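Working notes, structure below.
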Amino acid sequence: MAGLEQQPLLTDGHRRDGRAYEEFRNVFLNTGVISQASGSAYAEFNNTKVMVGVYGPRQSERKVGYSEQGRISVDVKLATFATRQRGVFGQTPEERELSALLATALEAATNLASFPKATADVYVLVLEAGGAELAVAATAAALALADAGIEMFDLVTACSVSRAEGALLLDPTTDEAAREEAGLTLALMPACSEVTQLVSRGPWSSSQLREALELAMGGCAQLDALARQVLKTAAAEAATRRQQEAQRQAQQA
C-alpha cells in the first residue's frame, strides 16, 4: 500500500493543503508575548510555531576587550515535542546550525555600533516544526529585536522556497521540503532590497535560481508589510496605555 509520502505533492495546480504554489500558509505575527523580556515576538505559519525573547543589550560577560561593535547572541532550541527527534542534552547540531545562520541574518540588519561592548541575547524556541523553520524564526527574531527597541537598519523578513515536482513552492511544509529537488531560504531587508542571509540547497540552473529568488523576495515583501503593521499596532496600543496611566496618575494627584 502506497504511503502518503509517495503520493504526488501537486495536483491540478495546487498543493496538498490547497494552496497555490506562490501562497503562504496562514500567517500570524505578534509582539510583546514575554513580559520579562526586553522584546519578544511570536510567529505562526500554520503548524510552524516560533517564540522569541530578546534580552539586553547588556554588557558582555565575555572578556574580548573593548569593541566598537555590539554582538548578537542567538540560542535556538527545538521543543522536544516540535519534531520527531528525541531531545538531547545541550544543543543538537541542527540547533547550532540554526543559531549560527540566524545570528548572521540578524547582525547584518542591526546597528551593532549602537551598543558597543554589549550583547543582545536572542532566545528562539521552535514550539512546532512544520516546515521553513529558519525563515519563520528569522522573521520572528527580527520582530522581537524591533520590539526591544534595538536600532536596526531595516526590518528583516525571510522566506523559504522549494523546487519540487518541477514547481517552485513558497513557504514549503516539512513534506514538501523533504521531497525538494532544490531549495533556498532568503533573509532580506525589503526596504533596501539587501540580502542578510541566503542558504541554498541542491542544484539550480541560473534561470531557476533567479525565479526562486524573485518568488522569495516577493514573499519577504508581503511579510514585511504584515510585520510593520504589527509593530505599528503595538506602538499605538503602548501609547494608549501610557496616556491612560498618565490620566490615572493625574486624577490621583
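For the sequence shown, full-length UniProt numbering assigns the number 1 to the initial residue and increments by one for each residue that follows. Backbone N, C-alpha and C fix where the C-beta goes; we use that ideal spot for every residue, glycine too. Model, not experiment: these values are computed from the prediction.
Contact under 8 Å by Cβ, residue i with residue j
i            : j             : result
leucine 101  : valine 199    : yes
leucine 145  : leucine 106   : yes
alanine 164  : leucine 9     : yes
cysteine 159 : aspartate 171 : yes
glycine 50   : valine 122    : Strictly speaking, residue 50 in this sequence is valine, with glycine absent from that position. In this structure, valine 122 does not lie closer than 8 Å to valine 50 by Cβ.
valine 124   : alanine 141   : yes
valine 195   : leucine 186   : yes
leucine 143  : valine 230    : yes
DSSP bridge partner residues for residue i (one or two, in chain order)
i              : result
lysine 77      : Leu125
threonine 32   : The sequence shown places glycine at residue 32, not threonine. For glycine 32, which the question treats as bridged, DSSP gives no partner whatsoever.
alanine 41     : Thr31 and Val52
threonine 157  : Leu188
methionine 152 : Thr110
Nearest-angstrom beta carbon gap, residue j and residue i [assumed within contact, 8 Å]
i              : j            : result
serine 38      : threonine 31 : Going by Cβ atoms, the distance from serine 38 to threonine 31 rounds to 12 Å, so no, they are not a contact pair.
threonine 112  : glutamine 59 : Note that residue 112 is leucine in the sequence shown here, rather than threonine. Actually they are not in contact, since the Cβ atoms of leucine 112 and glutamine 59 sit about 14 Å apart, beyond 8 Å.
methionine 152 : leucine 188  : Not quite, the Cβ-Cβ distance comes to about 13 Å (not below 8 Å), so this is no contact.
isoleucine 150 : alanine 108  : About 14 Å separates the two Cβ atoms, so there is no contact after all.
threonine 48   : glutamate 97 : Rounded, the Cβ-Cβ distance is 17 Å, inconsistent with contact.
leucine 29     : alanine 227  : 6 Å
Neighbourhood of residue i by C-beta, 7 Å cutoff - its chain only, sequence neighbours within 5 removed
i            : result
alanine 177  : Gly131, Ser162 and Gly183
threonine 46 : Rather than threonine, the amino acid found at residue 46 in this sequence is asparagine. The answer, listed in chain order, is Arg25, Asn26 and Gly130.
tyrosine 55  : Ala37, Ser38 and Asp121
Cut-off 6 Å between Cβ atoms - residues of its own chain near residue i, not counting five sequence neighbours on either side
i                 : result
glycine 87        : Note that glycine 87 has pLDDT 48, beneath the 50 cutoff, so the model's placement of it is unreliable and the number below is only indicative. These residues qualify, in order along the chain: Thr80.
glycine 219       : Cys159 and Leu170
threonine 104     : Gln197
arginine 84       : Residue placement at arginine 84 cannot be trusted, given a pLDDT of 47 that sits under 50; the coordinates are not used to answer.
alanine 250       : none
phenylalanine 115 : Pro57 and Gly70
glutamate 44      : Phe28
valine 74         : Ser99, Leu102, Ala103 and Val122
Residues near residue i in its chain [Cβ-Cβ closer than 8 Å; skip 5 each side]
i           : result
alanine 167 : Leu10 and Tyr21
glycine 13  : Ala20 and Tyr21
For the structure I just gave you, are there three or more beta carbon pairs, one from the stretch 6-22 and one from the stretch 121-138, closer than 8 Å?
no
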